[in-house]
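Per my numbering, the very first residue in the sequence shown carries number 4; after that it's consecutive.
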Amino acid sequence: MRIAVDLTKCQGYAQCAFLAPEVFRIQGDEALTYDPDPDEAQRIKIRRAAAACPVQAISLEHTDGPNESQHPEGRPGTAGVAGDGHGSSFKKTGRIVIVGASLTGLHAAERLREEGFTGPLTLVGEEPHEPYDRPPLSKQLLAGTMSSADTSLPQRRDIAASWRLGVAATGLDLRAKHVRLADGSRIGFDKVLIATGLRSRPWPNPAEAALEGVLTLRTREDALKLRQFLAGRPRRVLVIGAGFIGCEVASVCRELGLPVTVAEAGPAPLVAALGGTIGAIAGDLQLEKGVDLRCGVRVTSLEGDAAGRLRRAVLSDGTTAEADVAVAALGSVRNVEWLADSGLACGVWGVACDAGCRAFDANGLVTDDVFVAGDIARAPQPMYGYQFLAVEHWGNAISQAEVAAHNMVSRETERWPHLAVPQFWSVQFGTEIKSVGVPSAADEVAIVQGSVAQRRFLAVYGYKGRIVAAVAFNQNKWLEFYEPLIEQAAPFPPAFHHVDESADGHAVPAGFKPAVSPTQDATVVVTGHDPNERRARLTHPAAGDTPSRRPAETAQRSKEHSP
């Protein structure tokens, strides 16, 4: 039996920990940890715990037959709906290819089968593994409390798919309707779902990146390699970048009793996601736990010894940091290179799609047979002025995958928009940080509940007088209250009274950088004169190049898919 918990839903009620304490545990005040591959003797307790979860966040792998589904939301399928443009026969004979054997790809495949799709289904994945869970890579796997095999995701039903693992997609031909693979083969499709996600941004100097002890963290192999280095008790670990991945790695290092230095170019940790005001509190947590936190500085170079082993880093303030291990936590690069000649609207910012996950072509026209979901998708969010957002989190990967899968086999009038409010979580330094909405869209923030001094508080973010997000530090239960307020554009700052009201609840600047357009850089060349001749052709910047963007995009960065 395998289990997974949607921690974007979990609110720390601990019913599962009460009913199955050998499997589920509460770390600190509200952070849930669990054994994803428990002993079979715990089966009855686990099923009771899953049924008792107030927010239905526990997903179990199917064990009672190929048609069993443990869908946490219990959303009904629409098996009687005919495929748009194909008639009812599409669900029986249509060919669907999912490029990206990931959390997104797996949930899309499961949803397709739940919707009654019985045609050929193929999942293509560059990694040799079946889909696995990335959040534990920067937490339990590094700490040694989980094995690599334990990160495999449960499969809630038999998806009866053909798996093409360990081979990357290298091209998409929309006219011939086939996906080209690195081994020279091609897979034909009637509809395709793009879910190729992200990869870690490498240390920019190749020679320095090749030093022993310099790593990134994204895959199982990355996590196992870093775990081996940490088990060797290095003199000091250097973390370059204080986003969520960087902060979580630093947290595990301190749990293991290892000295760690965090170098962050911004004024505080998590500043791109939470802003300077709340980021400063996250910085205080690190200092309290003994992290050598250096903000406002960049690592300019890494130096090794004669044997090619990392020994130190040179910082922009003229100081050095001795270290045997350096983790480059510099963000992610979207895996779009294989789509360069496809004619789709794609670039370093992702693959553009509508709210129903249908991809745009280079001319801005919606395609009917190409869908996008997960970290790579860039879709309009009506609650934020139809701004195109790329949301790189665990919960979004699932909800967007299910919307895409439903729409792939539904009529136009039966399609769903993806309107889920973004959510993310992180566990670091004994604190669970959880968010709902888009904090980086805000200009102000107010701490309305709890106490910063006690590290238990809830902050509400506002933009031009409306609530756009809420962030909790060990106060998860209240986020469910704020989600509908975000959806309803409730006034900011909140005028109502709160339980456990903060004594310092006035609004202050949130501390984000001034907003700039994420697409202000030219990405196309337009040719032709008459309307019937006008066409757009994409330009292709080098992999890893990032155009200017709103902080709202980077706000949704997290280890969850990525880790």
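Yeah, the Cβ is synthetic: ideal placement off N, Cα and C, and Gly gets one too.
Under DSSP, the beta strand (DSSP E) around residue i begins and ends at which residues?
i	result
E435	434-440
F460	459-466
R178	Looking at the DSSP string, R178 is not in any beta strand (DSSP E), and its letter there is neither H nor E.
R361	361-363
G453	447-454
When the Cα atoms are used, what is the spatial distance from residue i to residue j?
i	j	result
C461	V336	The displayed chain sequence assigns Leu, not Cys, to residue 461. In a straight line, the C-alpha of L461 is about 31 Å away from that of V336.
T264	D153	29 Å
P173	K228	Note that residue 173 is Thr in the sequence shown, not Pro. Going from the Cα of T173 to the Cα of K228 covers about 27 Å.
R314	N208	16 Å
R167	G260	42 Å
Y389	P383	5 Å
E447	G514	8 Å
D344	W206	27 Å
A104	A198	8 Å
R297	S188	49 Å
A316	K437	32 Å
R5	L109	15 Å
Y466	F495	8 Å
P262	R414	57 Å
L347	L482	37 Å
P487	A445	17 Å
R469	Q426	18 Å
T239	A285	A small correction: the amino acid at residue 239 is Arg; Thr does not occupy that position in the sequence shown. Distance between the alpha carbons of R239 and A285 is about 21 Å.
C567	V170	Any property of residue 567 remains undetermined from this structure, which presents the chain solely from 4 to 566.
F192	S92	15 Å
A283	A34	21 Å
A456	P138	28 Å
G86	E118	In this prediction, G86 scores a pLDDT of 40, lower than 50, which makes its location untrustworthy; the coordinate-derived value is nonetheless stated afterwards. Taking the straight line from one Cα to the other gives about 11 Å.
A441	A271	What sits at residue 441 in the sequence shown is Val, not Ala. Approximately 19 Å between the Cα atoms of the pair.
N107	I243	Rather than Asn, the amino acid found at residue 107 in this sequence is Thr. Using only the alpha carbons, I get a separation of about 28 Å.
Of all the options the options, which has the alpha carbon lying nearest to the alpha carbon of residue i?
i	options	result
H500	K467, S150, V451, P517	V451
D186	A362, P139, E129, Q384	E129
V439	A456, V394, W419, R459	V394
S454	T370, A473, N477	N477
A408	E224, F495, A376, P383	A376
S443	L277, G119, P139	L277
V424	M411, I436, A400	A400
R301	A285, A268, A331	A268
V373	H421, A163, A362, T323	A362
M386	A358, A404, I379, A365	A358
Q431	D193, R230, S254, A473	S254
A275	G334, E43, K94, C56	G334
V528	E536, R540, P517	R540
Please return the same chain residues whose Cβ sits closer than 6 Å to the Cβ of residue i, not counting the five positions on each side in sequence.
i	result
Q30	T36
W419	V406, H409
T303	V317, S319
P75	In this prediction, P75 scores a pLDDT of 33, lower than 50, which makes its location untrustworthy; no coordinate-derived value is stated.
Applying the criterion that 16 or more other CB atoms from any shown protein chain within 10 Å of the CB defines a buried residue, is residue i buried or exposed?
i	result
L368	exposed
E417	exposed
R223	buried
S165	exposed
V339	buried
L233	buried
V511	exposed
N366	exposed
K12	buried
Q491	exposed
Output the boundary residues of the alpha helix (DSSP H) element that contains residue i.
i	result
T96	93-96
S188	From DSSP, S188 is part of no alpha helix (DSSP H); its letter is neither H nor E.
P209	209-212
Q231	223-234
Starting from the C-beta of residue i, find all residues in its chain whose C-beta is less than 7 Å away, skip the five residues before and the five after it, and write them out in chain order.
i	result
L214	L305, G307, G311, R312, L313
D503	Q452, G453
A226	L140, L144, L145, L220
L290	L296
A20	F27, R28, I29
Take residue i and list the residues in its own chain whose beta-carbon comes closer than 8 Å to its own, dropping the five residues that flank it on each side.
i	result
I190	V100, T125, V127, R167, H181, V182, L184
S150	L144
Shorter than 7 Å from the beta carbon of residue i to some beta carbon of chain B?
i	result
H396	Note that chain B does not occur in the displayed structure, where there is just one protein chain.
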